[in-house]
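Everything in the sequence shown is counted per numbering that gives the first Met the number 0, starting at 0 for the first residue and increasing by one.
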Amino acid sequence: MSHDPRRNIPGIDRLLASPEAAVLLERWPRERVVDALRVAVDQARRASVADDGGHDLAQPVVHVDRARTHLESADRSSLERVVNATGVVLHTNLGRAVLAPEAIAAMRTAATAYGNLEFDLESGQRGSRYSHGVELLCELTGAEDGLVVNNCAAALMLSLAATARGRGVLVSRGELVEIGGGFRIPEILEQAGARLVEVGSTNRTRVADYRKALEERGPIGAILKVHRANFRMSGFTEETSLEELVQLGRSAGVPVVHDVGSGLLIDPSRLHLPPEPTPAGSMQAGAELAVFSGDKLLGGPQAGLVVGRTIMVRRLRRSPLCRALRVDKSTLAALDATLRLYRDPATVLERIPTLAMLRRPLDELHSLAERLAEELRHGLDQELAQAHLEVRPGYGRIGGGTYPEHPLPSWQVTLQLPGLSASDLARGLRAATPPVVGRVEAEQVVFDVRTLLPGDTDAIVRAVRQAAAPAAPAEPGTSVAAPASAAPGTSEAARTSLAADDSDPAAGPDA
Ligand SMILES: *Cc1c(COP(=O)(O)O)cnc(C)c1O
0 MSHDPRRNIP GIDRLLASPE AAVLLERWPR ERVVDALRVA VDQARRASVA
50 DDGGHDLAQP VVHVDRARTH LESADRSSLE RVVNATGVVL HTNLGRAVLA
100 PEAIAAMRTA ATAYGNLEFD LESGQRGSRY SHGVELLCEL TGAEDGLVVN
150 NCAAALMLSL AATARGRGVL VSRGELVEIG GGFRIPEILE QAGARLVEVG
200 STNRTRVADY RKALEERGPI GAILKVHRAN FRMSGFTEET SLEELVQLGR
250 SAGVPVVHDV GSGLLIDPSR LHLPPEPTPA GSMQAGAELA VFSGDKLLGG
300 PQAGLVVGRT IMVRRLRRSP LCRALRVDKS TLAALDATLR LYRDPATVLE
350 RIPTLAMLRR PLDELHSLAE RLAEELRHGL DQELAQAHLE VRPGYGRIGG
400 GTYPEHPLPS WQVTLQLPGL SASDLARGLR AATPPVVGRV EAEQVVFDVR
450 TLLPGDTDAI VRAVRQAAAP AAPAEPGTSV AAPASAAPGT SEAARTSLAA
500 DDSDPAAGPD A
């Protein structure tokens, strides 16, 4: 080794003056191009000679191309569209519910023009943002009053703060749950300024346990019942019904707050799902307050909904915390439009994408899987010459921390490329535009077609083609769409944590 090629790297000024750099200067401000060239040159200097893919480092184009990759990846929006091929319908890490066109239209109107957000058109006086959507919420759940805040965690915290700040809250030891993403009942209670009073045991809590705690551990501000949304208990178990708690609470003048979770507004049997607590059921049982999410089985935007007795909801509305948890106008618009679709029970299942996805018939999924396989075979004849491609039945999930034990029968396409491990293939798919997130199972990448949206099969074909291309560094003169991960300090870690194996985001570490 007589000579270190890194000593031939041109200076920044020479790079800037090169014809190749002129193209960059047309597209980006000079300062950004200079910065990107510095990063590129720095990388070339630090890379060991063996790592440099045999490029001639004296050539400006090598560094200019690298700089272009940095600039392009920096220009990519941090929040991008992703193809969800996991078969998990309410994938928390991929943004949960996809909104109905009606909701999008309402958001657009709210965002692009002024509106009567806090303005009473009749009186010409100030109105309340908290009035929007309430009538619908009441209509659909049988509640007296309602309130919309940022998410279900916020709705619960507000409910507990307004009913039990400085006092105790009774919770069964079997319901001190973690829902995901930092949502833990004891911590929410603490943040609400309430004192946790544990009742009963992990597997059995009787109404007598609550009564005893009410008598001995006062003062008590609320009784909290939490739906164990994301896990199941079986065996020697006993739980106190909501009705029993309501009866007990009434006799002691203590409100019952019910964390319902997913916000199902229709009978679960219409989705071929087993019974699940619903806000309407909660109101029927007499809970003073029930809280649930807007973006789980309700199929709307991220929001936390509170329904209940007027006197209680009014107390929440007056709390200073309510102001801190308030929702954006576009959320209110989307929620209102989504709720409106529930007014027609005959069409709601088709019009709300989450519900429609859950209902997609198996034969439709089968033909979609066949079509995806067909398009892959067509679009990739060379790469796929030795690929292993199979259409098979399989299971997806509802997700969003709901129905943890209810697999969703579906159809899938599995793919294995020669010379490329499944996790490398999955990584390549995540680096495509748009990124494709599938699952990795038994050394195969699995695409579950239930969660595909129109146009997604084309995107998958493109992504597979990109991922299957030889993973060589960019040839000089071309601008291979290098993954954002090529740049230092990008979200490779985040992307990797979205690795699509079944144990990870599919299950949703976050709800
Ligand atoms: C999902 C869930 C929550 C949290 O809802 P977010 O809207 O994500 O804040 C709270 N409680 C239960 C029972 C849930 O299932």
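Beta carbons are placed, not taken as given, at the ideal position from N, Cα and C, and that holds for glycine.
- In chain order, Val168, Val170, Val256 place their CB closer than 6 Å to the CB of Leu223, counting only its own chain and leaving out the 5 sequence neighbours on each side.
- DSSP places Tyr341 outside both helix and strand once states are collapsed to three, so it counts as coil.
- The C-beta distance from Val312 to Gly145 rounds to 6 Å, short enough to meet the 8 Å contact threshold.
- Cα atoms of Gly307 and Glu287: separation of roughly 5 Å, rounded to the nearest angstrom.
- Pro360 and Tyr341 have their C-alpha atoms some 21 Å from each other.
- In the three-state DSSP reduction, Arg438 falls in the strand class (E or B).
- Note that the segment 146-155 touches the segment 321-328; at least 3 beta-carbon pairs, one per stretch, sit closer than 8 Å.
- By the CB criterion at 9 Å, Ala57 and Ile8 fall inside the cutoff.
- The segment 179-216 contains, as complete beta strand (DSSP E) runs of 3+ residues, the segments 194-198 (chain order).
- By DSSP's assignment, Thr413 forms a beta bridge with Glu389, Val445.
- The count of Cβ pairs closer than 8 Å, one atom from the segment 356-374 and one from the segment 274-281, stays below three, leaving the stretches out of contact.
- Nearest to Pro59 by alpha-carbon distance, out of Thr239, Ala21, Asp74, Gly393, is Ala21.
- In the three-state reduction of the DSSP assignment, Ile310 falls in the helix class, which pools H, G and I.
- If you draw a straight line from the Cα of Ile178 to the Cα of Pro276, it comes to about 16 Å.
- The alpha-carbon of Leu244 is positioned some 21 Å away from that of Ala191.
- No Cβ-Cβ contact shorter than 9 Å links Asp294 with Gly132.
- Sixteen is the threshold: since fewer than 16 other Cβ atoms of the shown chains lie within 10 Å of the Cβ of Pro392, the residue is exposed.
- Excluding five sequence positions before and after Ala163, the CB atoms of its chain that fall closer than 6 Å to its own CB belong to Ala193, Gly220, Ala221, given in chain order.
- Taking the CA atoms as reference points, Thr68 sits about 28 Å from Gly94.
- Of the candidates Leu23, Val81, Ala43, Val81 places its Cα closest to the Cα of Ala431.
- Put simply, the backbone Cα of Ala105 is about 33 Å away from that of Arg227.
- The beta carbons of Gly399 and Ser268 sit no closer together than 9 Å.
- Straight-line measurement puts the Cα of Ala333 at about 13 Å from the Cα of Leu304.
- Taking 8 Å as the cut-off, one finds no heavy atom of ligand 1 near enough to the beta carbon of His90.
- The Cβ atoms of Tyr209 and Leu247 sit closer than 9 Å to each other.
- Distance between Arg45 and Leu297, taken at the CA atoms: about 52 Å.
- One thing to note: His62 has its Cβ within 9 Å of the Cβ of Ala39.
- Proximity to Asn83 across Ser420, Ile397, Val32, Glu442 peaks at Ile397, based on C-alpha coordinates.
- Distance from the C-beta of Leu379 to the nearest heavy atom of ligand 1 is not below 8 Å.
- Within the same chain, His387, Gln443 come within 6 Å of Gln415 by CB-CB distance, once the 5 residues on both sides are set aside.
- In the pairwise beta carbon analysis, the segment 154-163 is classified as not touching the segment 196-215: fewer than three pairs are separated by under 8 Å.
- The secondary-structure analysis by DSSP pairs Thr401 across a beta bridge with Gly398.
- For Pro18 and Ala66, the gap between their C-alpha atoms comes out near 14 Å.
- Measuring C-alpha to C-alpha distances from Arg26 to each of Ala441, Ala112, Leu70 identifies Leu70 as the nearest.
- Per DSSP, Gly234 lies in no alpha helix (DSSP H) and is assigned neither H nor E.
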